[in-house]
Amino acid sequence: MDTRFYITTPIYYVNAEPHIGHAYTTIVADVMNRFHRLMGYETYFLTGTDEHGDKIVQAAEAAGTDPQTYVDRISRMFRHTWPKLNISNDHFIRTTDPAHMKVVQYILQKVYDAGDIYFDTYKGLYCIGCERFYTEKELVDGKCPDHDKPPVEREEANYFFRMSKYQDWLIEHIEKHPDFIRPERYRNEVLAFLREPLEDLCISRPKERLSWGVPLPFDDRYVTYVWFDALINYVSALGYPDGELFSTFWPVAQHVIAKDILKPHGIYWPTMLKAAGIEPYRHLNVHGYWKINEGKMSKSRGTVVRPLDLAPVYGVDAFRYFLMREMVFGLDANFSEEALIQRLNSDLANDLGNLFSRTLAMTAKYFQGTVPPFGNPVLPEDQALERQVQDAVSAYREEIPKWAFHKALMAVWEMINAANKYIDQTGPWELAKDPDKKGRLQRVLRTLLEVNKTTAVLVAPFMPQTAEKMLERLGVPVKALDLRLERDARWGSLVEGERVQKGAALFPRVDIKKWQQEKNAEERKRNVEKSDESQKTSDLITFQEFQRLDLRAGVVLEAERIPKSKKLLKLKVDIGEERQVVAGIAEHYAPEDLVGKQVVVVANLKPAKLMGVESQGMILAAHDGDVLKLVTTDAPVIPGGKVS
RNA sequence: GGCGGUGUAGCUCAGUCGGUUAGAGCAUGCGGCUCAUAUCCGCAGUGUCCGGGGUUCAAGUCCCUGCACCGCCA
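Under full-length UniProt numbering, the letters of the first sequence match residues 1 to 644, in that order.
Take a look at the structure:
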């Protein structure tokens, strides 16, 4: 059996701060890394930041600084976030590391020498404002969607990677290795994409357009562009071509990504590896998105919960547990503070925390806080619980390698629940009353202590701090990363006579009723502040300024949905003249309900195109939380009537 | 427009190869216990399995079709 394990997260693009998506990917990788350590594997865990490209240059400019200063700052934010989440990475790579850049150049040269990189000129539609090419389809009405200007035809020469050459090889490889890309839905997506002919990949930018990158070794007028630079980190971090880490860990490489970067990892990267003469990675593991909603209790707007901020509030372990328990790997999941509190209260405080607490309390009370021997007699319920523990351990070992973390955790919790039930069945407080039953009482509490120890070991990859805390109180302190399942989850591995300590609750409960009240109070306060603010002088306008608005009453003549748009409706409105207006109200009004409705229109708004449809004005509406209500007149007025 | 996914209890979701009375957790109600963080244990429900049609002795499951939402591609 191969007992090495190499896991990577994507290197995160430093044009934004770390958010929950980054955190989940990284925590998943961390749990996997810790799990394999627990199983006795030799592991290597890599994360880092992607720091080249024009978006970085733009972001730096926007921040009023130079690219190097900017990427240093953002990269540092990532590097400092991970320890707070107890991430156990062995290395943090940056694409601006000189060593990485050298490997990128080495591989470029190698692929170039092999004839898989060629030079070609092409013509395209180029927007000078954006400094980029557009395809016909990206243009709106023949104009750049950002600058509203027609692009110019421009010829540019660039280097291309002959990706198409490896299409058939890749299809065959994916078909031969069913778990090359998993879960299956993403494998199918890649295969679907590969049914169409693959185009070659443009991998360069002329330096006059982009200087913030790795220069091509065979043409210093160019730098390499995005993916060629970024993906190579997975091998450059291991010291490719001849690093010892590379020969040890690359053969077992696994990547974790979110579904938005499936194509580069599922298609570009394997073909790049093939062209460079490197064997493909073992597995690409793809997860879904966290949909952030604020739960059904609070519909507050403008109070976007930043999930990462909740980690210190509720505890890193609770946060990690929630993410791993709540998401089925591969599928999307919902994130809300309520759901987090719910999990914390019921799974962590009530089930696990309370089991630990009552076990230790009884040990203190009946055995002066020392681990008792396995007394006698042994009854069937003892054996049943022991079996349950074995079942949980097997399920755990089986599910985690399949990335089914929720199932592994469910199995652990079945064991925890069984232990709680066992206490009820055996009633230690009754046994304690009868001195003749001391042996039985010993058996019961020792059994419980052992279950708690196994629990501590099993939750260690998910909640390392909790595991350490539990083990310390059980009198067998071990660092989470030094735990080994075979040794430390072995039944009877506690030390008889060792002192255990009750200590504070592992997971204090959160009073959800109180939390909701506070939340509501906050929200009310914010709303009051908001309306106060808007009445303050800061944004006052003069009457003359108001007069510049040409507001007119009108009546809706026609209304229809704009295809493919969720929000937009196309309206014909009579405001003395007929106007076509696009309004973002489709989520609130059905077209048929609008015809004949009195509305107020801003008539002198500069016309604009929305989804390719011209809008000559704007309909006024009032916001009420998530709800939107049209502004109308008290009674019908003649279309075109001035509103003032 | 093409391809794919999803739709199951109040909420979040499982449901294998078509096979008994459709399940779990949370939330709710009732009962029990007192070691424990007002926790734990037991019991109890509640379903148009998105709609319609078909195949079959038998359909949540397979086929066709419609609707809704989502994703990928164009």
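We treat Cβ as the ideally placed atom computed from N, Cα and C, and that holds for glycine.
Just so you know, these numbers come straight off a predicted model, no measurement behind them.
Practice problem: Tell whether a beta-carbon distance below 8 Å holds between T632 and K597. | Solution: yes
Quiz prompt | Length of the line joining the Cα atoms of D482 and Y314 | solution = Using only the alpha carbons, I get a separation of about 26 Å.
Quiz prompt | Through-space distance from F218 to L273, alpha-carbon basis | solution = 19 Å
Quiz item: Which class does F133 belong to by DSSP, given the choice of helix, strand or coil?
Solution: strand
Exercise. Kindly indicate which three-state DSSP category L216 falls into: helix, strand or coil?
Key: strand
Practice problem: Could you pull the start and end residues of the alpha helix (DSSP H) that T426 belongs to? | Solution: Here the alpha helix (DSSP H) through T426 covers 405 to 426.
Exercise. Please determine, among Q501, V600, R484, the residue with the shortest C-alpha to C-alpha distance to G475.
Key: Selected option, being the one with the closest Cα: Q501.
Quiz item: If you drop the 5 nearest sequence neighbours on each side, which residues of the same chain put their C-beta closer than 8 Å to that of E381?
Solution: Answer for E381: Y422, Q425, T426, listed in chain order.
Practice problem: Go ahead and pull the three-state DSSP assignment for H177. | Solution: coil
Quiz item: Rounded to a whole number of angstroms, what is the C-alpha to C-alpha distance between P280 and N233?
Solution: 14 Å
Quiz item: Tell me the DSSP bridge mates of K291?
Solution: N334
Quiz item: Secondary structure at D54, three-state DSSP: helix, strand or coil?
Solution: helix
Quiz item: Taking DSSP as the reference, what is the three-state secondary structure of H255?
Solution: Strand at H255.
Quiz item: With a cut-off of 8 Å, do at least 3 Cβ pairs link the stretch 149 to 169 to the stretch 105 to 123?
Solution: yes
Quiz item: Is the stretch 21 to 35 touching the stretch 385 to 394 in the sense that three or more CB pairs, one from each, lie closer than 8 Å?
Solution: no
Exercise. Return the first residue and the last residue of the beta strand (DSSP E) that Y118 is part of.
Key: 117 to 127
Quiz item: Thinking C-alpha only, which one of A460, G497, E486, G492 is nearest K479?
Solution: Put simply, of A460, G497, E486, G492 the residue whose alpha carbon is nearest the alpha carbon of K479 is A460.
Quiz item: Under a three-way DSSP split, which group does H588 fall into?
Solution: Note: H588 maps to coil in three-state DSSP.
Quiz item: So Q388 is in the alpha helix (DSSP H); what residue range does that whole segment cover?
Solution: 380 to 399
Self-check item: Own chain residues within Cβ distance below 6 Å of N376, not counting five before or after
Solution: Contacts found: G439.
Self-check item: Sequence-distant residues of its chain with Cβ nearer than 6 Å to F322 (five each side left out)
Solution: L340, R343
Quiz item: Helix, strand or coil: how does DSSP classify Y13 here?
Solution: strand
Exercise. Only counting runs of 3 or more residues, tell me where the beta strand (DSSP E) segments fall wholly within the stretch 450 to 492, in order along the chain.
Key: Runs of the beta strand (DSSP E) inside the stretch 450 to 492: none found.
Quiz item: Tell me which same chain residues have a C-beta within less than 6 Å of the C-beta of V226, skipping the five on either side of it?
Solution: G53
Quiz item: Do the CB positions of T43 and V256 come within less than 8 Å of each other?
Solution: no
Quiz item: Are L506 and L352 touching if we call contact CB-CB under 8 Å?
Solution: yes
Quiz item: Whose C-beta lies closer than 6 Å to the C-beta of A237 among residues of the same chain, with five residues either side of it excluded?
Solution: L46, H91, I93, listed in sequence order.
Quiz item: Is the Cβ-Cβ distance between F405 and M324 less than 8 Å?
Solution: yes
Quiz prompt | Sequence-distant residues of its chain with Cβ nearer than 6 Å to L379 (five each side left out) | solution = none
Quiz item: Where does the unbroken beta strand (DSSP E) through A505 begin, and where does it stop?
Solution: Taken as a continuous stretch (DSSP letters only), A505 belongs to no beta strand (DSSP E), as it is neither H nor E.
Quiz item: Looking at the unbroken beta strand (DSSP E) that takes in I278, where does it start and where does it end?
Solution: Neither: I278 is in no beta strand (DSSP E) and is coded neither H nor E.
Self-check item: Delimiting residues of the alpha helix (DSSP H) encompassing Y314
Solution: 307 to 314
Quiz item: When you compare each of V328, I181, R320 to R282 by their alpha carbons, which one comes out closest?
Solution: I181
Quiz item: For N420 versus L355, is the C-beta spacing smaller than 8 Å?
Solution: yes
Practice problem: Determine contact between the stretch 208 to 215 and the stretch 72 to 86, defined as no fewer than three beta-carbon pairs at a distance below 8 Å. | Solution: no
Quiz prompt | Buried/exposed call for S493, threshold 16 Cβ in 10 Å | solution = exposed
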